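Working notes, beginning with the structure itself.
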Amino acid sequence: MTARDTADAATPAHPAYAQLRPVTPTAAVVLARNPGRMTLDGTNTWILRAPGTRECVVVDPGPRDREHLRIVAEQGPVALTLISHRHPDHTAGLKRFVKATGSPARAFAGQFLHGQFDGHDVEPLVDGEVIEAAGLRIGVLRTPGHTADSASFVLDDAVLTGDTILGRGTTVIDSRDGTLADYLDSLRRLVDLGVGRRLLPAHGPDQPDTADVARAYLAHREERLDQVRAALITLGPDAKPMQVVRHVYADVDKKLWPAARSSVKAQLDYLRR
1 MTARDTADAA
11 TPAHPAYAQL
21 RPVTPTAAVV
31 LARNPGRMTL
41 DGTNTWILRA
51 PGTRECVVVD
61 PGPRDREHLR
71 IVAEQGPVAL
81 TLISHRHPDH
91 TAGLKRFVKA
101 TGSPARAFAG
111 QFLHGQFDGH
121 DVEPLVDGEV
131 IEAAGLRIGV
141 LRTPGHTADS
151 ASFVLDDAVL
161 TGDTILGRGT
171 TVIDSRDGTL
181 ADYLDSLRRL
191 VDLGVGRRLL
201 PAHGPDQPDT
211 ADVARAYLAH
221 REERLDQVRA
231 ALITLGPDAK
241 PMQVVRHVYA
251 DVDKKLWPAA
261 RSSVKAQLDY
271 LRR
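Okay, so the sequence shown: first residue is 1 according to UniProt numbering, each after it adds one.
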């Protein structure tokens, strides 16, 4: 057994709660203990830093859970906190976290901005900008669809995809401000940028290649669109979202139908537009 094999054997596998789990040379994860139908095993809080660097960047501090926030805060001085999108399983602990660590925070949505970074008041994220912090260069990629404010963060060897792509299962499109057209565009961007970069999702296990998973997501969405088109032929062009859910998702646990309804509504909007 090589030294690398020994290190891999000693590294905990997902899901591993209440501990830091290294994933790449620059990324490790602390899994929040908030499992559920929409959060899978819980929310992944990512800790980013270059080897040998004390400071870190935190992506999505997670729910308002004292133990989880304490463990994340203990990972070192927090140079910056980044938010992937507005949902509370990613942001509810933000105010407590920035108060405890003094970290500035940035997001696409203005309500999550806190403090100063590099001597200036923080501003909303900008698509295509590169953030230099904790010895890393972190590319900002706007990836709306799941929500309007969804962001992904690009490292040399990985992509943090928030809820745009999960470690298992599929993503729900939030009917309040998410759209399927935006989501498909975001998946195509992740196909282009994700080749050879590990997938670091906000829920579920990491995966070897972001582009491979993004392609599978695109294929799944096209398959669902075909199913919805077929359902409209049977049910009529004015069918309501829940009628389509009952037709297309008949083999899915009914507890998941409310989430499916949100995605079906987005699919109907897309097709009818």
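Ideal Cβ placement from N, Cα and C applies to all residues, glycine included.
Just so we're clear, the structure is a prediction, and the values are computed from it rather than from any experiment.
- In this structure, the straight-line span from the alpha carbon of Tyr-183 to that of Gln-116 is close to 31 angstroms.
- The three-state secondary structure of Pro-35, taken from DSSP, is coil.
- Note on geometry: alpha-carbon atoms of Leu-200 and Gly-162 lie some 8 angstroms from one another.
- Distance from the CA of Val-264 to the CA of Val-245, rounded to the nearest whole angstrom, comes to 7 angstroms.
- Runs of the alpha helix (DSSP H) spanning 4 or more residues and lying entirely within the segment 19-82 occur at 66-73, in chain order.
- For Thr-161, the uninterrupted beta strand (DSSP E) run begins and ends at 158-162, by DSSP.
- Bounds of the alpha helix (DSSP H) holding Val-213 are 210-235.
- For Tyr-270, DSSP records no beta bridge to any residue.
- Membership of Val-191 in the alpha helix (DSSP H) is indicated by the continuous run 180-193.
- Under the DSSP assignment, Phe-153 falls in the beta strand (DSSP E) whose first and last residues are 151-154.
- The three-state secondary structure of Asp-121, taken from DSSP, is strand.
- A distance of 7 angstroms or more separates the beta carbons of Leu-136 and Val-122.
- For Glu-132 and Pro-51, the gap between their C-alpha atoms comes out near 15 angstroms.
- Secondary structure note for Val-140: its beta strand (DSSP E) is the uninterrupted segment 136-142.
- As DSSP reads the structure, Gln-207 sits in a beta bridge with Leu-199.
- When the five nearest sequence neighbours on each side are left out, the beta carbons in the same chain lying within less than 6 angstroms of the beta carbon of Val-140 are those of Leu-125, Glu-129, in order along the chain.
- Membership of Val-130 in the beta strand (DSSP E) is indicated by the continuous run 130-133.
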